[in-house]
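**Student:**
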Amino acid sequence: MQDEKTLSVRQVTVFVFITAVAVKMFMLPSLLAAELGRNAYWAMLLYLAIDFSVLTLVVVAIRRAQCGFYELLEKTIGRILSRIVLGVSVLFLLFKLTLMLGEVRIFFSERVFEDFGWSLYILPLLALMSFAAGKSLRILGRTAELVVPFILLSMALLFVLTAGKVDYSNLLPLFREGGGDPIRYSLWLGDYSVLVLLVGKVDKGKAPAARWLIGGAIGSLCVEAFTVMICAAYGNLTHLLELGHNLGAMAQHSGTQNFGRLDLLVFTVWVATIVIKLLLYMYAVARHTAFVTTVDKPYIWALVASALIYVCSVFVLPSPGALYGVATGWMRCVALVEQFALPLITCIGALTVGRKRSLYEEE
Numbered sequence: 003m004q005d006e007k008t009l010s011v012r013q014v015t016v017f018v019f020i021t022a023v024a025v026k027m028f029m030l031p032s033l034l035a036a037e038l039g040r041n042a043y044w045a046m047l048l049y050l051a052i053d054f055s056v057l058t059l060v061v062v063a064i065r066r067a068q069c070g071f072y073e074l075l076e077k078t079i080g081r082i083l084s085r086i087v088l089g090v091s092v093l094f095l096l097f098k099l100t101l102m103l104g105e106v107r108i109f110f111s112e113r114v115f116e117d118f119g120w121s122l123y124i125l126p127l128l129a130l131m132s133f134a135a136g137k138s139l140r141i142l143g144r145t146a147e148l149v150v151p152f153i154l155l156s157m158a159l160l161f162v163l164t165a166g167k168v169d170y171s172n173l174l175p176l177f178r179e180g181g182g183d184p185i186r187y188s189l190w191l192g193d194y195s196v197l198v199l200l201v202g203k204v205d206k207g208k209a210p211a212a213r214w215l216i217g218g219a220i221g222s223l224c225v226e227a228f229t230v231m232i233c234a235a236y237g238n239l240t241h242l243l244e245l246g247h248n249l250g251a252m253a254q255h256s257g258t259q260n261f262g263r264l265d266l267l268v269f270t271v272w273v274a275t276i277v278i279k280l281l282l283y284m285y286a287v288a289r290h291t292a293f294v295t296t297v298d299k300p301y302i303w304a305l306v307a308s309a310l311i312y313v314c315s316v317f318v319l320p321s322p323g324a325l326y327g328v329a330t331g332w333m334r335c336v337a338l339v340e341q342f343a344l345p346l347i348t349c350i351g352a353l354t355v356g357r358k359r360s361l362y363e364e365e
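If you're matching positions, the sequence shown starts at 3 in my numbering and goes up one per residue.
Structure (structure tokens):
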């Protein structure tokens, strides 16, 4: 019988898939297209390849680790350094949460409501995130399992509504335009790094690594497919791109509006991917903070984090321009280190600590 505290192989696969599509499919294709025009889908391929390498590190760590994540980190880099590393990670995750919530705000304010009272609507979401942070990963995994069929259905409907509405000849010629910064949005990389939390919490089963990598690959292909559609629709019309998801406007630009506002319903269901990822990130913030401070009160730390995020989202970075200004500025340099360092350290630790234990047992 599976331990109640462990995740099933299927739940981890669902987490991997949702992590792959949650942020990158929601806003990044439009941002890259505005920056690089029709060449954006090539930049997205680079982003996805880099992220897949991070996923591989995480999968190896999960498979080879002989203990939990925090114990493994201490054994690898020491008690003090592990707390410094995770302290920096907490600050980074707080900004990442603010960014994801900001993108949810942009979507609803631009596509759903003209007068969107974000300062009030964010409160129930933060309350849900704080509540989930005190629960087990097993509960989050079950929640993800329940919503993923609806997410897949919404993605399929979105593809049907948009795939035939664009002119793919707009993707050519390749690399004709110059300029643009292909790594401007590097903060959107490294989404899989939060999954190091799963080390020591997974029922490994039979050959699960292949399933996890396949789940990540399928999610990446979905992201790339929608990026191609964005580039085909707006590659020559980047002035039409706006904050918010642009896939819903393709039917209008193609001259076929017979779907009404079904796309809006599809997007609203698909936002569940962002919610699941928000819950997972808040869980990480609460548990990392509890480890760093040695005060095991995840509910309290989640509430403190929610208060900080609220202040940052509503008062410090209240506009999309301010939020993206920080995200594409100095913070992206931090992202290039932070989002890859932790999976790499965890993978190295899983391989070396496990090997040392095996050698000791053989002796």
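A virtual CB, placed ideally from N, CA and C, is assigned to each residue, including glycine. Predicted, not measured: the structure shown is a model, and the values here were computed from it.
For the alpha helix (DSSP H) that residue 66 lies in, which residues bound it at each end?
**Tutor:** Sequence index remark: in the sequence shown, residue 66 carries index 64 (1-based). Where residue 66 is concerned, the enclosing alpha helix (DSSP H) stretches over 42-66.
**Student:** From residue 172 to residue 145, what distance separates their C-alpha atoms?
**Tutor:** Along the sequence shown, read from residue 1 onward, the residue named residue 172 stands at position 170. Along the sequence shown, read from residue 1 onward, the residue named residue 145 stands at position 143. For residue 172 and residue 145, the distance between alpha carbons rounds to 40 Å.
**Student:** With residue 289 as the anchor, note down where its alpha helix (DSSP H) starts and where it stops.
**Tutor:** By 1-based counting over the sequence shown, the position of residue 289 is 287. First-last of the alpha helix (DSSP H) with residue 289: 274-295.
**Student:** Give me the residue from 138, 92, 61, 126 with the minimum Cα distance to residue 295.
**Tutor:** Here residue 295 refers to the residue found at position 293 when the sequence shown is read from its first residue. Selected option, being the one with the closest Cα: 92.
**Student:** For residue 32, tell me which candidate among 95, 153, 236, 286 has the shortest Cα-Cα distance.
**Tutor:** Position 30 of the sequence shown, counting from 1, holds the residue named residue 32. Minimum Cα distance to residue 32 is reached at 236.
**Student:** Between residue 24 and the rest of its own chain, which residues show a CB-CB distance below 6 Å, the 5 nearest in sequence each way excluded?
**Tutor:** Sequence index remark: in the sequence shown, residue 24 carries index 22 (1-based). 275, 276, 279.
**Student:** Look at the alpha carbon of residue 9 and the alpha carbon of residue 60, and state the distance between them as a whole number of angstroms.
**Tutor:** The residue given as residue 9 occupies position 7 in the sequence shown. The residue given as residue 60 occupies position 58 in the sequence shown. Straight-line Cα distance between these residues: approximately 15 Å.
**Student:** Within 10 Å of its beta-carbon, does residue 315 have 16 or more other beta-carbons around it, so buried, or fewer, so exposed?
**Tutor:** Mapped onto the sequence shown, residue 315 falls at position 313. Answer is buried; the Cβ neighbour count reaches 16.
**Student:** Pull up the distance between the alpha-carbon of residue 62 and that of residue 100, whole angstroms please.
**Tutor:** Stepping through the sequence shown from its first residue, residue 62 is reached at position 60. Stepping through the sequence shown from its first residue, residue 100 is reached at position 98. Between residue 62 and residue 100, the C-alpha separation is close to 30 Å.
**Student:** Might you give, ordered along the chain, the residues of its own chain that have their beta carbon closer than 7 Å to the beta carbon of residue 338, omitting 5 neighbours on each side?
**Tutor:** To locate residue 338, count along the sequence shown from 1; it is residue 336. Around residue 338: 188.
**Student:** Alpha carbons only, please: which of 76, 67, 121, 26 is nearest the one belonging to residue 318?
**Tutor:** What you label residue 318 is simply residue 316 of the sequence shown in a count that begins at 1. Comparing Cα-Cα distances from residue 318 to each of 76, 67, 121, 26, the minimum goes to 121.
**Student:** Suppose you measure from the CA of residue 143 to the CA of residue 334; what does that come to, to the nearest Å?
**Tutor:** As a working mapping, residue 143 is identified with position 141 in the sequence shown. As a working mapping, residue 334 is identified with position 332 in the sequence shown. Roughly 30 Å separates the two Cα atoms.
**Student:** Among 129, 98, 18, 53, which has the Cα closest to the Cα of residue 303?
**Tutor:** Position 301 of the sequence shown, counted from the start, is the residue given in the question as residue 303. Checking every option, the nearest Cα to that of residue 303 belongs to 129.
**Student:** Taking 7 Å as the limit between beta carbons, can you name the residues of its chain near residue 233, skipping five residues before and five after?
**Tutor:** As a first step, residue 233 must be located in the sequence shown, where it is residue number 231. So the list reads 35, 40, 42, 43, 173, once near-sequence residues are dropped.
**Student:** Do residue 16 and residue 217 come within 9 Å of each other at the CB atom, strictly closer than that value?
**Tutor:** To locate residue 217, count along the sequence shown from 1; it is residue 215. To locate residue 16, count along the sequence shown from 1; it is residue 14. Yes, Cβ-Cβ distance for residue 217 and residue 16 is below 9 Å.
**Student:** Among 345, 313, 283, which residue has its Cα nearest to the Cα of residue 136?
**Tutor:** Indexing the sequence shown from 1 puts residue 136 at position 134. Checking every option, the nearest Cα to that of residue 136 belongs to 283.
**Student:** Taking the straight line between their C-alpha atoms, what separation do you get for residue 157 and residue 353?
**Tutor:** In the sequence shown, residue 157 corresponds to position 155, counting from 1. In the sequence shown, residue 353 corresponds to position 351, counting from 1. If you take the alpha carbons of residue 157 and residue 353, they lie about 37 Å apart.
**Student:** Do the CB positions of residue 199 and residue 139 come within less than 9 Å of each other?
**Tutor:** For the purposes of this step, residue 199 is identified with residue 197 of the sequence shown, where counting begins at 1. For the purposes of this step, residue 139 is identified with residue 137 of the sequence shown, where counting begins at 1. Their beta carbons are under 9 Å apart, which means residue 199 touches residue 139 by this criterion.
**Student:** Cutting at 6 Å between CB atoms, please list the residues of its own chain near residue 301, excluding the five before and the five after it.
**Tutor:** Position 299 of the sequence shown holds residue 301. Correct list, in chain order: 136.
**Student:** Can you tell me where the alpha helix (DSSP H) with residue 210 in it begins and where it stops?
**Tutor:** For the purposes of this step, residue 210 is taken as residue 208 along the sequence shown, with counting starting at 1. Per DSSP, residue 210 belongs to the alpha helix (DSSP H) from 210-236.
**Student:** If you check the beta carbons only, do residue 348 and residue 71 fall under 9 Å apart?
**Tutor:** In the sequence shown, counting from the first residue as 1, residue 348 sits at position 346. In the sequence shown, counting from the first residue as 1, residue 71 sits at position 69. For residue 348 and residue 71, yes; Cβs fall inside 9 Å.
**Student:** Under a three-way DSSP split, which group does residue 353 fall into?
**Tutor:** Numbered from 1 along the sequence shown, position 351 holds the residue referred to as residue 353. Note: residue 353 maps to helix in three-state DSSP.
**Student:** Which same chain residues end up closer than 7 Å to residue 329 when comparing Cβ atoms and leaving out the 5 residues on each side of it in sequence?
**Tutor:** As a first step, residue 329 is located in the sequence shown; it is residue number 327 there, counting from the start. Answer for residue 329: 101, 189, listed in chain order.
**Student:** Given residue 258, which residues of its chain have a CB within under 8 Å of its CB, disregarding the five upstream and five downstream residues?
**Tutor:** Your numbering for residue 258 matches position 256 in the sequence shown. The predicted position of residue 258 is uncertain, since its pLDDT is 45 and thus under 50; a value taken from the coordinates is nonetheless stated next. The answer, listed in chain order, is 167.
**Student:** Just reading off the alpha helix (DSSP H) that residue 134 is part of, what are its end residues?
**Tutor:** Translated into the one-based positions of the sequence shown, residue 134 becomes position 132. Residues 120-135.
**Student:** Taking the straight line between their C-alpha atoms, what separation do you get for residue 272 and residue 26?
**Tutor:** If you number the sequence shown from 1, residue 272 lands on position 270. If you number the sequence shown from 1, residue 26 lands on position 24. Going by the C-alpha atoms only, they are around 13 Å apart.
**Student:** Whole-angstrom Cβ separation of residue 48 and residue 194, contact assumed at under 8 Å?
**Tutor:** The sequence position of residue 48 within the sequence shown is 46, counting from 1. The sequence position of residue 194 within the sequence shown is 192, counting from 1. About 16 Å separates the two Cβ atoms, so there is no contact after all.
**Student:** Which class does residue 319 belong to by DSSP, given the choice of helix, strand or coil?
**Tutor:** Reading the sequence shown from its first residue, position 317 is the one you call residue 319. Of the three classes helix, strand and coil, the one that applies to residue 319 here is coil, per DSSP.
**Student:** Rounded to a whole number of angstroms, what is the C-alpha to C-alpha distance between residue 84 and residue 76?
**Tutor:** As a working mapping, residue 84 is identified with position 82 in the sequence shown. As a working mapping, residue 76 is identified with position 74 in the sequence shown. Distance between the alpha carbons of residue 84 and residue 76 is about 6 Å.
**Student:** Entirely within the stretch 150-188 and at least 3 residues each: give me those beta strand (DSSP E) ranges in chain order.
**Tutor:** If we require 3 residues or more, the stretch 150-188 turns out to have no beta strand (DSSP E) run fully inside it.
**Student:** Can you look up residue 271 in the DSSP assignment and give me helix, strand or coil?
**Tutor:** Along the sequence shown, one-based indexing puts residue 271 at 269. Three-state result, residue 271: helix.
**Student:** Pick out whichever of 298, 123, 170 has its Cα sitting closest to the Cα of residue 104.
**Tutor:** In the sequence shown, counting from the first residue as 1, residue 104 sits at position 102. Closest by alpha carbon: 123.
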